[in-house]
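In what follows, a structure is listed as C-alpha cells, so that the remarks can point back to it.
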Amino acid sequence: MNRKVLPGFRLGLGYTVAYLSLLVLLPLAFGVSKAFELSPAEFVAAVWTPRAIAAYKLTFTASLLAALVNVGLGLVVAWTLVRYDFPGKKLFDACVDVPFALPTAVAGLIYANLYVADGWLGRVLVPLGVEVVNQKLGIVLVLVFTGFPFVVRTVQPVLEELDAEMEEAAAILGASRGQSFRRVILPNLIPPALTGFTLAFARAVGEYGSVIFISSNRPFEMEIAPVLIVSQLESFAYREAAATATVLLGFSFLLLVAINLLDRWSRRNG
Amino acid sequence: MADPSQRGARTRTDPAYIRLPLIAVTVGTLGLLIVVPLASVFVQAFSAGIPAYFRALFGNAETRHSIFLTLAVAPVAVALNTVFGMVAAYVIARFRFAGRTLLMTLIDLPFSVSPIVAGLVFVLIFGQQAALGGWLQAHGYQVIFAPPALVLATAFVTFPFVARELIPVLEANGPEEELAARSLGASGWQMFTHITLPNVKWGLLYGVILCNARAMGEFGAIYVVSGRIAGKTDTMPLRVEKLFQEYDNPAAMAVASLLTMVALVTLFLKVLVERQMRAQKARSAEVPAAE
Chain A
1 MNRKVLPGFR LGLGYTVAYL SLLVLLPLAF GVSKAFELSP AEFVAAVWTP
51 RAIAAYKLTF TASLLAALVN VGLGLVVAWT LVRYDFPGKK LFDACVDVPF
101 ALPTAVAGLI YANLYVADGW LGRVLVPLGV EVVNQKLGIV LVLVFTGFPF
151 VVRTVQPVLE ELDAEMEEAA AILGASRGQS FRRVILPNLI PPALTGFTLA
201 FARAVGEYGS VIFISSNRPF EMEIAPVLIV SQLESFAYRE AAATATVLLG
251 FSFLLLVAIN LLDRWSRRNG
Chain B
1001 MADPSQRGAR TRTDPAYIRL PLIAVTVGTL GLLIVVPLAS VFVQAFSAGI
1051 PAYFRALFGN AETRHSIFLT LAVAPVAVAL NTVFGMVAAY VIARFRFAGR
1101 TLLMTLIDLP FSVSPIVAGL VFVLIFGQQA ALGGWLQAHG YQVIFAPPAL
1151 VLATAFVTFP FVARELIPVL EANGPEEELA ARSLGASGWQ MFTHITLPNV
1201 KWGLLYGVIL CNARAMGEFG AIYVVSGRIA GKTDTMPLRV EKLFQEYDNP
1251 AAMAVASLLT MVALVTLFLK VLVERQMRAQ KARSAEVPAA E
C-alpha cells in the first residue's frame, strides 16, 4: 500500500539486494563452492584430520565454557545494575560495552601482558600455580572478555521492564523471596539469557584476534579452528582452507538459525 | 504510598546479605575484566615517559604508515555501509514484500561469520591463484595484499551495523510524516532529505559510530587479506601484533593505547547519542499523535 505513495521501493530494494549479494552472498558462495571442488573423499580427508578434530574440539569447548561463564556473570551483573544503587554504578554500566568497542587485538595484547609471570596479575597468580598465558585457561579468559556484553545487554532491558507489581502480588499471596524469584522472575530471564548465550557462543567460535596473543597456537594442543584455516592458507592449501571454513560456516549457520528461533520464541513468551 | 517509585524501590531492593555479595561480584568482574586491563594499557604505554611514547608512535615510519592506513581504509568502508544501511533500512521499515524477513536475516549474516572466513573468501576470489584475481593482476589491478582488499574485508565485517541500528528507529517513527510530505507534493528526494533523514539522524549517527569503531579495530579479516606487508598493508591492529611478535612491548602498547582511546571516545559518544535518542522519543511522546 505504501508502494503507491512512498517512492524508491524498486530502486532501494534492487540496490540493497545487489550490494548484499556482491559483498556478502556471492563471496561466501564462492568460498563454499571452492571447498566442493574437492571430491567427497578429499573433503572428508581435509576436514577430518586428527589436527582439525583437535582444533574443532578446542574451539567448541573453549567457546562453550566462555559462553556459560558469561551467562553466570552476565545475570549477576545485569541484576545488580538494574536493581541496586552503588557508587560508580553509571561508570560500571558504561564499562560493560568496552569489549564491543575495543579492538580484539588490543584485548589480546593487554591480557597477554597482564597474565605473564611479571605482569600485573601474573605476578600474583603464577606463584600460586595459575598459568594463563599459553594455556587453555587464557583462551577461555579472552573469549569471556570478547563475549561479555551479550548476556548483560540482552537480560538488562527485560529486568528493567519486569513489573514490580508482579513480585508484589507474589509476595502478598504469600510467596517467599526464593519462590518469587524462581516462579516469577526466573522464567522471564531464561529467554534473553539463552539469546545472549547463543550470541556469545557464536562470537567466540569465530574469534581470532584476541586468542592468538594469549595462546601458543601449537597444532593439536592450542590451535583453534580459525588459526588452522590461516595456517592452511599460508601453506597455499586453498581448497583445504575453504573446506575447514565451510565446516565453521555450517556451525555458524546452525547458531544463526538457533538465534532466530530463540528470538521468535522469546517474543511470543515475552 | 502516593509515590509509586518509592513503592517500586522497596520491593526491588533485597536484604544486605544478598545485595552486598552481588555488588561485590559485579564490581570485581568488571574491575578485573575491563577496568584493570584498560588502566594497564595507558600505564604501560607511558611507562618509558611521554617523549618515548610519541617517538614510538611517530618516530617509526611503519607505525606512522599503519596509522595513516587505518584512517584511510575505515572511512571508506563506513561510508559504503552507511549508504547501504540507510537504503536497506528504508526499504525494510517502509515496505512489506516477499522475502523481507529473509533479507533481514541475511543482512545480519556477517556477524555470524568468523572474520577469518570473511578474509579467506576474498583471498579465494582475488588471490593470484584465482581466475578473477589472476586476470585482474595481469591487467594491472592489485586487489589482494593491497588497500582495495582491506576495504572489502572491513566492509564485510562491519556490514550490518548501520542497517540494524536504523531499522527499529525508522519503524518506531512510522511513515505518517513522509506520506504527508508526498501528498503536499514533495519529490522523493525532498521527502528523504527533509523528513526521513532528519527524523533518524541520531540513530544513523549511533550506527556510524559503532561501525567505525569496529572498522578501525578489525583484525582477523584484514590479517588474512593484507599479506601483512610492513609499511604497505599493515593497519594499526596488525601493527600492534607485529610489534608484539618483535618483543617491542612499549611500542605495541603505544599503538594499542591509541586504539583504546578510539574505543573510549566511541563509548562516550554512544552514551551522548543514546541520551539524545531518549530525549527525542520523549518529545515525540509528549505531542499527542495527530488523529
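Residue numbers (the numbering used here), protein chains in the order written: chain A, 1 to 270; chain B, 1001 to 1291. Even for Gly, the Cβ is constructed at its ideal location relative to N, Cα and C. Computed from a predicted structure; not experimentally measured.
For this session: Give the residues of chain C in contact with residue 1019/B, contact being defined as C-beta atoms less than 7 Å apart.
Result: The chain labelled as chain C is not found among the protein chains of the depicted structure, namely A and B.
Exercise. Thinking C-alpha only, which one of 1048/B, 1168/B, 1195/B and 1209/B is nearest residue 1176/B?
Worked result: Position 176 of the second sequence, counted from the first residue, corresponds to residue 1176/B. From the listed residues 1048/B, 1168/B, 1195/B and 1209/B, the smallest Cα separation to residue 1176/B is found for 1195/B.
Exercise. Mapping DSSP to helix, strand and coil, what is residue 175/A?
Worked result: Here residue 175/A refers to the residue found at position 175 of the first sequence. Correct three-state label for residue 175/A: coil.
Exercise. Are residue 249/A and residue 1113/B touching if we call contact CB-CB under 8 Å?
Worked result: Mapped onto the first sequence, residue 249/A falls at position 249. Mapped onto the second sequence, residue 1113/B falls at position 113. Remark: C-beta atoms of residue 249/A and residue 1113/B approach each other more closely than 8 Å.
Problem set entry | Interface residues of chain B facing residue 54/A [CB-CB closer than 8 Å] | In the first sequence, the residue the question calls residue 54/A occupies position 54. Within chain B, no residue comes near residue 54/A; the closest Cβ sits about 17 Å away, beyond 8 Å.
Exercise. Just checking my contact of residue 1214/B with residue 1157/B at CB under 8 Å: how many whole Å lie between their CB atoms?
Worked result: Counting from 1 along the second sequence, the entry for residue 1214/B is found at position 214. Counting from 1 along the second sequence, the entry for residue 1157/B is found at position 157. Correct: roughly 7 Å between the Cβ atoms.
Problem set entry | For residue 1203/B, the first and last residue of its enclosing alpha helix (DSSP H) | On the second sequence, residue 1203/B is found 203 positions in, with the first residue counted as 1. Looking at the DSSP string, the run of the alpha helix (DSSP H) that includes residue 1203/B is 1201-1217.
Exercise. Apart from the five residues just before and just after residue 188/A, which ones in its own chain have a Cβ nearer than 7 Å to its Cβ?
Worked result: On the first sequence, position 188 is the one that residue 188/A refers to. Shown here for residue 188/A: same chain residues with a beta carbon closer than 7 Å to its own, the five before and five after excluded, namely 158 and 162 in chain order.
Problem set entry | Where residue 1094/B meets chain A, residues with beta-carbon distance less than 7 Å | One-based indexing of the second sequence puts residue 1094/B at position 94. Going along chain A in sequence order, the residues near residue 1094/B (Cβ under 7 Å) are 2 and 6.
Exercise. Which residue comes first and which comes last in the alpha helix (DSSP H) that contains residue 72/A?
Worked result: Here residue 72/A refers to the residue found at position 72 of the first sequence. From DSSP, the alpha helix (DSSP H) with residue 72/A extends over 50-83.
Exercise. At least one CB of chain A closer than 8 Å to the CB of residue 1068/B: is that the case?
Worked result: For the purposes of this step, residue 1068/B is identified with residue 68 of the second sequence, where counting begins at 1. Cβ-Cβ to chain A under 8 Å: no for residue 1068/B.
Problem set entry | Min CB distance residue 1003/B to chain A below 8 Å | What you label residue 1003/B is simply residue 3 of the second sequence in a count that begins at 1. Here residue 1003/B scores only 41 on pLDDT, less than 50, and its place in the model is too uncertain to base an answer on.
Exercise. Would you call residue 1164/B buried or exposed, if buried means 16 or more other Cβ atoms sit within 10 Å of its Cβ?
Worked result: Here residue 1164/B corresponds to residue number 164 of the second sequence, with the count starting at 1. Buried: at least 16 other Cβ atoms inside 10 Å.
Problem set entry | Reference residue 51/A; option with closest CA among 265/A, 143/A, 32/A and 244/A | Here the question's residue 51/A lines up with position 51 in the first sequence. For residue 51/A, the closest alpha carbon among the candidates 265/A, 143/A, 32/A and 244/A is that of 244/A.
Exercise. Which chain A residues sit within Cβ distance under 7 Å of residue 1241/B?
Worked result: Reading the second sequence from its first residue, position 241 is the one you call residue 1241/B. Residues of chain A passing the Cβ test: 105.
Problem set entry | Cβ neighbours of residue 1280/B in the same chain (closer than 7 Å, five flanking residues each side left out) | For the purposes of this step, residue 1280/B is identified with residue 280 of the second sequence, where counting begins at 1. Hits under 7 Å: 1202.
For this session: In the DSSP assignment, find the unbroken alpha helix (DSSP H) run with residue 1108/B in it and report its ends.
Result: The residue you call residue 1108/B lines up with position 108 of the second sequence. 1100-1112 is the extent of the alpha helix (DSSP H) around residue 1108/B.
Exercise. Quick one: what's got a C-beta closer than 8 Å to residue 144/A's C-beta in the same chain, skipping five residues either side?
Worked result: Mapped onto the first sequence, residue 144/A falls at position 144. Same-chain partners within the cutoff: 66, 69, 70 and 73.
Exercise. So which residues of chain A does residue 1249/B contact, with C-beta pairs closer than 8 Å?
Worked result: Within the second sequence, numbered from 1, the residue matching residue 1249/B stands at position 249. Residues of chain A passing the Cβ test: 113.
Exercise. Along the stretch 1033-1059 of chain B, what residues have a CB closer than 8 Å to any CB found in chain A?
Worked result: Result list: 1033, 1034, 1035, 1036, 1037, 1038, 1040, 1041 and 1044.
Exercise. What does residue 1155/B reach in chain A if we use C-beta pairs closer than 8 Å?
Worked result: In the second sequence, counting from the first residue as 1, residue 1155/B sits at position 155. Within 8 Å Cβ-Cβ: 23.
For this session: Pick helix, strand or coil for residue 1065/B, following the three-state DSSP scheme.
Result: Against the second sequence, residue 1065/B aligns to sequence position 65. Correct three-state label for residue 1065/B: helix.
Problem set entry | Rounded straight-line distance, which links the Cα of residue 105/A to that of residue 1126/B | Translated into positions along the second sequence, residue 1126/B becomes position 126. Translated into positions along the first sequence, residue 105/A becomes position 105. Spanning the two alpha carbons is a distance of roughly 25 Å.
Exercise. Where do the N-terminal and C-terminal ends of the alpha helix (DSSP H) with residue 229/A fall, by residue?
Worked result: If you number the first sequence from 1, residue 229/A lands on position 229. If you look at residue 229/A, you'll find it in the alpha helix (DSSP H) that goes 225-234.
For this session: Compare the C-beta of residue 1282/B with all C-beta atoms of chain A and state if any pair is closer than 8 Å.
Result: As a position in the second sequence, residue 1282/B is number 282, starting the count at 1. At least 8 Å separates the CB of residue 1282/B from every CB of chain A.
Exercise. Which term fits residue 1184/B, buried or exposed, when burial requires 16 or more other beta carbons within 10 angstroms of its beta carbon?
Worked result: For the purposes of this step, residue 1184/B is taken as the residue at position 184 of the second sequence. Exposed.
For this session: Label residue 20/A either buried or exposed according to how many other C-beta atoms from any shown protein chain fall within 10 Å of its C-beta, with 16 as the threshold for buried.
Result: Counting from 1 along the first sequence, the entry for residue 20/A is found at position 20. By the neighbour-count rule (16 or more Cβ atoms within 10 Å), residue 20/A is buried.
For this session: Determine contact between the stretch 1144-1151 of chain B and the stretch 1215-1226 of chain B, defined as no fewer than three beta-carbon pairs at a distance below 8 Å.
Result: Short answer: they touch.
Exercise. Start and end of the alpha helix (DSSP H) containing residue 222/A?
Worked result: Counting from 1 along the first sequence, the entry for residue 222/A is found at position 222. Counting along the chain, no alpha helix (DSSP H) covers residue 222/A, and no H or E run does either.
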